[in-house]
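Engineer: Numbering (this note's numbering), first residue to last: 6 to 266. Backbone N, C-alpha and C define an ideal beta-carbon position, used for all residues, glycine too.
(1) Can you give the Cα-Cα distance for residue 168 and residue 119, rounded to whole angstroms?
(2) Measuring alpha carbon to alpha carbon, tell me which residue in 111, 97 and 226 is nearest residue 105.
(3) Report yes if the CB atom of residue 86 is closer than 8 Å to the CB atom of residue 149, and no otherwise.
(4) Quick check on DSSP: helix, strand or coil for residue 80?
(5) Check whether the region 227-246 touches the region 206-219, counting contact only when three or more Cβ pairs, one atom from each stretch, lie closer than 8 Å.
(6) With DSSP run on the structure shown, which of helix, strand or coil describes residue 115?
(7) Please classify residue 122: is it buried, with 16 or more other beta-carbons within 10 angstroms of its beta-carbon, or exposed?
(8) Rank 238, 160 and 179 by C-alpha distance to the C-alpha of residue 101 and give the top, closest one.
(9) Roughly how many angstroms lie between the CA atoms of residue 10 and residue 103, to the nearest whole one?
(10) Buried or exposed: where does residue 220 fall if 16 or more other Cβ atoms within 10 Å of its Cβ makes it buried?
(11) Among 131, 202, 42 and 175, whose alpha-carbon lies nearest the alpha-carbon of residue 152?
(12) Following the continuous beta strand (DSSP E) through residue 68, name the residue where it begins and the one where it ends.
(13) Go ahead and label residue 41 buried or exposed: buried means 16 or more other beta carbons lie within 10 angstroms of its beta carbon, across all protein chains shown.
(14) How long is the line joining the alpha carbons of residue 198 and residue 158, rounded to whole angstroms?
(15) Pick from 229, 154, 240 and 239: whose alpha carbon is nearest that of residue 254?
(16) Beta-carbon within less than 6 Å of residue 242's beta-carbon, same chain only, minus the 5 sequence neighbours each way: which residues are those?
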């Protein structure tokens with residue numbers, strides 16, 4: 006029997022509105038593992054930002070930083086650092102606009118500005134994470150795989166026009182990810198499928214956000230959460246209930262990976 010694999014987004018998918026893992030989700034993931042189905046996290050977060058989730062769910066493979074840093078069975082199989090010159094330039098531009106930038110390595114996140122209100126809103130109030138430490142030169146001596154730009158949507162065009170080789174993916178009213186064009190969760194998933202020697206038709210993915218659209222379209226069966234953005238629902242094959250309404254468990258039953266008990 007050919008092995009199957011399931012990719013899970015984190016925010017709005019594995020985590021509910023309270024940023025907790027529902028008991029039904031823990032149970033569902035562990036049942037998949039008992040059946041020999043690979044369980045993988047696919048997220049825009051850096052590895053250090055979801056270590057507790059990996060430990061709680063016993064997951065050792067992940068597509069992190071929107072496909073920029075990929076680990077399979079505990080081993081790094083792909084890492085694609087960004088251009089330090091671009092990071093220096095965008096840091097200078099953001100400072101002049103009153104905005105801020107975050108630099109994501111595989112170990113931690115550091116930011117260009119201390120106590121910036123947009124970082125407070127997106128990190129502390131939305132992600133429930135502490136404001137990262139400030140270090141404007143972090144990218145000069147550490148490989149950075151993704152940046153966060155802290156600005157409002159109407160200001161993002163300035164950056165999109167200046168850096169046409171980069172894509173900006175909004176995930177909060179005050180924050181976007183930015184990374185080289187062609188890089189995405191979907192690209193990282195493709196590399197992991199090759200490493201695991203699993204056919205695309207035997208892959209599944211659960212997601213809810215704009216950065217999940219390509220992933221949901223790539224896999225054999227894409228499942229959008231009930232709380233997903235319209236673009237994610239349009240890209241999916243199946244729509245389940247929300248992350249706060251046992252959406253993972255219901256979705257896995259719906260696609261036939263788990264039985265309805």
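Structural biologist: Put simply:
(1) 25 Å
(2) 97
(3) Their beta carbons are under 8 Å apart, which means residue 86 touches residue 149 by this criterion.
(4) strand
(5) yes
(6) strand
(7) Residue 122 is exposed by the Cβ-count criterion.
(8) Measuring C-alpha to C-alpha distances from residue 101 to each of 238, 160 and 179 identifies 160 as the nearest.
(9) Between the alpha carbons of residue 10 and residue 103 lies a distance of about 43 Å.
(10) buried
(11) 175
(12) Taken as a continuous stretch (DSSP letters only), the beta strand (DSSP E) holding residue 68 covers 67-69.
(13) exposed
(14) Each residue's Cα considered, the two are about 34 Å apart.
(15) Taking the Cα of residue 254 as reference, the smallest distance to any Cα among 229, 154, 240 and 239 is reached at 229.
(16) 226 and 227
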